[in-house]
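Residue numbers for the sequence shown follow my numbering, so the first one is 10 and each next one is one higher.
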Amino acid sequence: MTETLIGRTAVAEGEERRRRIVTSARRAGSVDVTAIAADLGVSKETVRRDLSALERRGLVRRTHGGAYPVESRGFETTLEFRTGMHVAEKERIAAAAAELLGDAETVFIDEGYTPQLIAEALPDGRPLTVITASLATAQCLAARPQVTVLLLGGRVRGGTMATVDHWAPQMLSEFVIDLAYVSANGISREHGLTTADPTVGAVKRQAMRGSRRRVFCGVYSKFGAVSFCRFADAHSFEAIVTDTRLSPTEARRYALLGPEVLRV
Numbered sequence: 010m011t012e013t014l015i016g017r018t019a020v021a022e023g024e025e026r027r028r029r030i031v032t033s034a035r036r037a038g039s040v041d042v043t044a045i046a047a048d049l050g051v052s053k054e055t056v057r058r059d060l061s062a063l064e065r066r067g068l069v070r071r072t073h074g075g076a077y078p079v080e081s082r083g084f085e086t087t088l089e090f091r092t093g094m095h096v097a098e099k100e101r102i103a104a105a106a107a108e109l110l111g112d113a114e115t116v117f118i119d120e121g122y123t124p125q126l127i128a129e130a131l132p133d134g135r136p137l138t139v140i141t142a143s144l145a146t147a148q149c150l151a152a153r154p155q156v157t158v159l160l161l162g163g164r165v166r167g168g169t170m171a172t173v174d175h176w177a178p179q180m181l182s183e184f185v186i187d188l189a190y191v192s193a194n195g196i197s198r199e200h201g202l203t204t205a206d207p208t209v210g211a212v213k214r215q216a217m218r219g220s221r222r223r224v225f226c227g228v229y230s231k232f233g234a235v236s237f238c239r240f241a242d243a244h245s246f247e248a249i250v251t252d253t254r255l256s257p258t259e260a261r262r263y264a265l266l267g268p269e270v271l272r273v
């Protein structure tokens, strides 16, 4: 009986420790093995085992020396949170993505902070029609005299400040779009592109259907991550734009699926 009680106590303590690790990762955007070990009063090896267990559950993704949280149906970061994470990388990605505009006259710009930066990086001296579900993107482009902004209707999600529900994809279905800049919560070779909310996935899926060209833009931490709702395959894109922290080996694996992979 004593051994059984001790075993149950150890399991309970382990689960509580892992819960605290996930909470810390979601609050700060990542956790460091050394720091979390000191905070919890356990060895670094114990934290590494916890992170491996959490990764198997799909709650975090391991990195060298730590981990970051994976967004899911029950956990999704807000737009405000995203504006403070990987800012330099997102700015480089946005600049490189804007250079892929080519002769496109109609452009879909997805919700999220990286797509918002792409909107800001688009050239200011030519006519463009931009379709978006993002209130922030619509606001930053509305003052440009040569840009026509079409804001998709629907319910506004407070965390992302973007519209969803049936109105948004229905409106999108009426357009043939030259180029779509698409984001995601995760991208993997096995599961494709995923997002945390089915209503968001419906908007992205329709944007993929209605566009002639498609560019995915996302920081290295998106790669290998899998969220709740799948909306596209990686091979459906002309280009994937990310930062240099995605390894050349992994970039080549995605390039073999068809897209040009740009690490900036």
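C-beta: ideal position from N, C-alpha, C; glycine also.
All values reported here derive from a predicted model rather than from experimental measurement.
Runs of beta strand (DSSP E) lying entirely within the stretch 92–170, each at least 3 residues, in chain order: As far as the stretch 92–170 is concerned, its whole beta strand (DSSP E) runs of at least 3 residues are 115–118, 137–141, 156–160, 164–166.
Go to Leu63, then tell me how far its alpha helix (DSSP H) extends in each direction, as first and last residue. For the purposes of this step, residue 63 is identified with residue 54 of the sequence shown, where counting begins at 1. It spans 53–65 - the alpha helix (DSSP H) in which Leu63 sits, taken as one unbroken run.
Given a cut-off of 8 Å on the beta-carbon distance, is the pair Ile249 and Gly219 in contact? One-based indexing of the sequence shown puts residue 249 at position 240. One-based indexing of the sequence shown puts residue 219 at position 210. Their beta carbons are not under 8 Å apart, which means Ile249 does not touch Gly219 by this criterion.
Find the nearest neighbour of Ala171 within the set Arg35, Asn194, Ser143, judged by alpha-carbon distance. Residue 171 sits at position 162 when you count from the first residue of the sequence shown. Checking every option, the nearest Cα to that of Ala171 belongs to Ser143.
Run the CB neighbour count on Leu271, radius 10 Å, all protein chains shown included, and call it buried at 16 or more, exposed below. As a working mapping, residue 271 is identified with position 262 in the sequence shown. Flag for Leu271 reads buried.
Along the alpha helix (DSSP H) that carries Asp48, what are the first and last residues, could you check? As a first step, residue 48 is located in the sequence shown; it is residue number 39 there, counting from the start. Unbroken alpha helix (DSSP H) run through Asp48: 42–49.
Beta bridge counterpart(s) of Tyr190 as assigned by DSSP: For the purposes of this step, residue 190 is taken as the residue at position 181 of the sequence shown. Paired residue(s): Ile118, Val224.
First through last residue of the alpha helix (DSSP H) which encompasses Val209: For the purposes of this step, residue 209 is taken as residue 200 along the sequence shown, with counting starting at 1. Where Val209 is concerned, the enclosing alpha helix (DSSP H) stretches over 207–218.
Can you give me the Cβ contacts of Glu114 inside the same chain, cut-off strictly under 8 Å, excluding the 5 residues immediately before and after it? Reading the sequence shown from its first residue, position 105 is the one you call residue 114. Closer than 8 Å at the Cβ level, and outside the excluded window around Glu114, lie Pro136, Leu137, Thr138, Asp187.
Give the DSSP-derived three-state secondary structure of Arg29 in the structure shown. Translated into positions along the sequence shown, residue 29 becomes position 20. It is helical.
Contact under 8 Å by Cβ, Arg198 with Arg262: If you number the sequence shown from 1, residue 198 lands on position 189. If you number the sequence shown from 1, residue 262 lands on position 253. Yes, the Cβ-Cβ distance between Arg198 and Arg262 is below 8 Å.
As assigned by DSSP and simplified to three states, the class of Leu268: In the sequence shown, residue 268 corresponds to position 259, counting from 1. Note that residue 268 is Pro in the sequence shown, not Leu. Correct three-state label for Pro268: coil.
Based on DSSP bridge pairs, tell me the residues matched to Pro78. The count along the sequence shown starts at 1 and reaches residue 78 at position 69. According to DSSP, which records beta bridges pairwise, Pro78 is partnered with Val69.
Between the C-alpha atoms of Thr253 and Tyr229, what's the straight-line distance to the nearest angstrom? One-based indexing of the sequence shown puts residue 253 at position 244. One-based indexing of the sequence shown puts residue 229 at position 220. Approximately 8 Å, taken between the alpha carbons.
Which of helix, strand or coil does DSSP assign to Met10? Looking up residue 10 in the sequence shown gives position 1. Its pLDDT being 44, under 50, Met10 is placed unreliably in this model, and the value from its coordinates should be taken loosely. Met10 falls in the coil class under three-state DSSP.
Please state the DSSP three-state secondary structure of Ala260. Position 251 of the sequence shown holds residue 260. Helix at Ala260.
Phe232 (DSSP reduced to helix, strand or coil): As a first step, residue 232 must be located in the sequence shown, where it is residue number 223. Reduced to three states, the DSSP call for Phe232 is strand.
Identify whether Arg198 lies in helix, strand or coil by the three-state DSSP scheme. Numbered from 1 along the sequence shown, position 189 holds the residue referred to as residue 198. Here Arg198 sits in coil by DSSP.
Give the DSSP bridge partners of Val185, in chain order. Against the sequence shown, residue 185 aligns to sequence position 176. Answer is none; Val185 lacks a bridge partner.
Taking Pro207 as the reference, give the member of Ser256, Ala241, Tyr190 with the closest Cα. As a working note, residue 207 is residue 198 in the sequence shown. With distances taken between Cα atoms, Pro207 lies closest to Ala241.
Keeping to the same chain, check which residues put their C-beta closer than 7 Å to that of Arg166; ignore five residues upstream and five downstream. For this step, residue 166 is matched to residue 157 along the sequence shown. The beta carbon of Arg166 lies closer than 7 Å to those of Val173 in the same chain, with the five residues before and after it left out.
Straight-line CA distance for Ser182 to His95? Within the sequence shown, residue 182 is the residue found at index 173, counting from 1. Within the sequence shown, residue 95 is the residue found at index 86, counting from 1. Approximately 33 Å, taken between the alpha carbons.
Tell me, to the nearest whole angstrom, how far the beta carbon of Ser61 is from that of Ile45; I am working on the premise that it is less than 8 Å. Here residue 61 refers to the residue found at position 52 of the sequence shown. Here residue 45 refers to the residue found at position 36 of the sequence shown. Their Cβ separation, rounded to whole angstroms, is 14 Å, which puts Ser61 and Ile45 out of contact at 8 Å.
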